[in-house]
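Undergrad:
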Amino acid sequence: MTTEPIRFDTKIAVLLRADVAPWQELNVTSFLIAGIAAAHPDLIGEPYTDADETVYLPLLRQPVVVLSGDRERLSTTLGKAVSRGLATAIYTAQMFQTGHDEANRAVVRDVRRDDLDLVGIAVHGARNAVDKTCKGASLHP
308 MTTEPIRFDT KIAVLLRADV APWQELNVTS FLIAGIAAAH PDLIGEPYTD
358 ADETVYLPLL RQPVVVLSGD RERLSTTLGK AVSRGLATAI YTAQMFQTGH
408 DEANRAVVRD VRRDDLDLVG IAVHGARNAV DKTCKGASLH P
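All letters in the sequence shown, in the order written, are residues 308 to 448 by our numbering.
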């Protein structure tokens with residue numbers, strides 16, 4: 308077992324809008340990370356087992372950076388992520404009003420990218436590309 312820090316070639320970042328409620332931040336983060344993990348199964352590690360041989364589900368193999376910004380920062384970051392071809396997940400304010408995945412996709416489908424009322428985005432890709440894409444966002448408090 309190695310205990311030395313590992314520097315990953317890729318990075319996962321979540322950018323949350325600064326004016327949403329704490330419960331919404333947690334909800335949005337969960338949904339966004341699920342999207343990244345579903346699109347990139349290689350990011351998932353091995354199951355965990357404790358000393359009693361109880362098996363637990365695997366987790367992401369690398370840390371997630373959580374950032375904060377205003378509406379404009381989220382929109383700008385989304386544009387950069389798309390233009391750079393980064394894997395991107397989004398969550399819009401309208402999705403808080405729906406009750407299931409099909410309805411979530413419908414409310415996103417009705418709005419042009421530049422008009423999305425983003426409350427969170429997640430990006431995954433090469434470390435430098437993610438850093439450049441998220442430049443200007445603050446670490447989440």
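Virtual Cβ for every residue (Gly too), placed ideally from N, Cα, C.
What first and last residue would you give for the beta strand (DSSP E) that runs through Ala358?
TA: No beta strand (DSSP E) holds Ala358; DSSP gives it neither H nor E.
Undergrad: In whole angstroms, give me the CA-to-CA distance for Val418 and Ala346.
TA: 23 Å
Undergrad: Tell me which residue opens and which closes the beta strand (DSSP E) that Gly468 is part of.
TA: In the structure displayed, the chain extends from 308 to 448; residue 468 sits before or after that span and is not available.
Undergrad: What residues match up with Ile343 in a beta bridge as DSSP calls it?
TA: Ile343 is not bridged to any residue.
Undergrad: Taking only the alpha-carbon atoms, compute the straight-line gap between Ala325 and Asp377 and give it to the nearest angstrom.
TA: 6 Å
Undergrad: Decide if Ala341 is buried, meaning its Cβ has at least 16 other Cβ atoms within 10 Å, or exposed.
TA: exposed
Undergrad: Where are the beta strand (DSSP E) runs, 3 residues long or more, that stay fully inside the stretch 361 to 395, in chain order?
TA: 371 to 376
Undergrad: The alpha helix (DSSP H) that contains Arg412, what's its start and end?
TA: Annotation for Arg412: the continuous alpha helix (DSSP H) segment containing it runs Asp408 to Arg416.
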